[in-house]
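One structure is given below, encoded as structure tokens.
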């Protein structure tokens, strides 16, 4: 028996409807187009009627049906998709590419031309193994990284490596915690937007770097550290799915301690903090709080900025969390390569920086960064972005401000195996 993944089954069904639409009555054509609406996101308020259709309100008004009937479907289903984009959504970049599953199904399909699938930047070194990503409209996203409502309060009891004279000499040309002498210290990628949207980047970016530091501090001994973002959202007392800060994570880790993912699996919702949401489990007839579980604490934590400080801290202690300005180009169009974009806007997202590298062909230095939007985004959930030495030292104008505001914390492994 051949097993077909649910996602592929969905798209096969969708495409079958499109292929049959030329010989179907008008009602079937409407349905096939409405199914397509379920896999996309539009960016303009003028398409609010279409967004309502995407929520499942099929055939609620003659205006909506008229919009769908106006789409003339060619024989090729991919052409049908792009014709729908042009007629209904408005074309011109509302959707930059088709989900990868649609491109993989059937030999008769053809990839849309480059003119219809613009790249995120003229400065691209494409990776043929990266996947495509259809993004949420940025202006409709709830907040993720809150502005600090008070000065960041570091807790430091000893100096950092970048505070000693001559520390620059020990910084290597490249470093990547995913591969240090063949050993990977990075924990698995996560998706903050599954099963529903949650503005939890402040948890995932900060926690991602911190749990990797636990792996480094424990010499990568089993088990690999996987901490619970849901418990932090429920119990830190400040940040939640409506946004937060790196300091919220550090204060919670310092005072309350963090728990393993198995204590409270991620649900992407705001929860009330109880003993059960700290760490719980269930039997068939009841649920209960677990009393004995491991807590992960930190010692010092603080803030840093600038390329050299970042490299020294990463090399000596492990990944760090950095705030960036996640633009629409970055969110929607990045599929791989070394990103650069001239942008000057406030930070709105936190990511985990795990190293840096050098591209010999383009003579470009880049940061190696993990995002929290799932493996389908970017380079299997990761991205590369230029450092501040790009364009003769003006790279800080092109790297989404990633070097402006970064955070570190040192794990306390004294109570761990």
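In mature numbering (1 follows the signal peptide of the UniProt record, and there is no 0), the protein residues as written are -28 to -1, 1 to 389.
We put the beta carbon where it would ideally sit given N, CA and C, even for glycine.
Would residue i pass as a contact of residue j if the rule is Cβ separation under 9 Å?
i           : j           : result
residue 264 : residue 296 : no
residue 379 : residue 272 : no
residue 310 : residue 356 : yes
residue 280 : residue 323 : no
residue 140 : residue 277 : no
residue 205 : residue 170 : yes
residue 350 : residue 340 : no
residue 209 : residue 220 : yes
residue 252 : residue 242 : no
residue 270 : residue 225 : yes
residue 345 : residue 212 : no
residue 203 : residue 223 : no
residue 383 : residue 260 : no
residue 196 : residue 153 : no
residue 119 : residue 318 : yes
Excluding sequence positions up to five away, which residues of its chain have a Cβ less than 7 Å from the Cβ of residue i?
i           : result
residue 347 : 161 and 353
residue 148 : 326, 327, 329 and 340
residue 288 : 133
residue 126 : 273, 274 and 275
Note down the Cα distance separating residue i from residue j, rounded to an integer number of angstroms.
i           : j           : result
residue 342 : residue 178 : 11 Å
residue 387 : residue 138 : 34 Å
residue 267 : residue 192 : 18 Å
residue 136 : residue 142 : 11 Å
residue 194 : residue 291 : 19 Å
residue 217 : residue 117 : 6 Å
residue 93  : residue 316 : With a pLDDT of 32 at residue 93, under the threshold of 50, the modelled position of this residue cannot be trusted, and the question is left open.
residue 283 : residue 198 : 24 Å
residue 245 : residue 176 : 19 Å
residue 313 : residue 306 : 11 Å
residue 385 : residue 233 : 18 Å
residue 275 : residue 303 : 26 Å
Can you check DSSP and say which residues form a bridge with residue i?
i           : result
residue 214 : 171
residue 336 : 331
residue 381 : 273
residue 342 : 324 and 354
residue 198 : In DSSP, residue 198 forms no bridge with anything.
residue 148 : 327
residue 295 : 322
residue 311 : 357
residue 127 : 273
Near residue i, which residues of its chain fall below 8 Å by C-beta distance, leaving aside the five closest residues on each side in sequence?
i           : result
residue 359 : 279, 328, 337, 338, 339, 367, 371 and 375
residue 146 : 327, 328, 329 and 330
residue 207 : 224, 228, 245, 249 and 250
Note down, in chain order, each residue of its chain lying with its Cβ closer than 6 Å to the Cβ of residue i, except the 5 sequence neighbours on either side.
i           : result
residue 361 : 337 and 367
residue 181 : 291, 292, 293 and 324
residue 188 : 157 and 290
Query raised in the report: Which runs of the beta strand (DSSP E) fall wholly inside the region 218 to 278 and span at least 3 residues, in chain order?
Result: 252 to 255, 258 to 261 and 269 to 276
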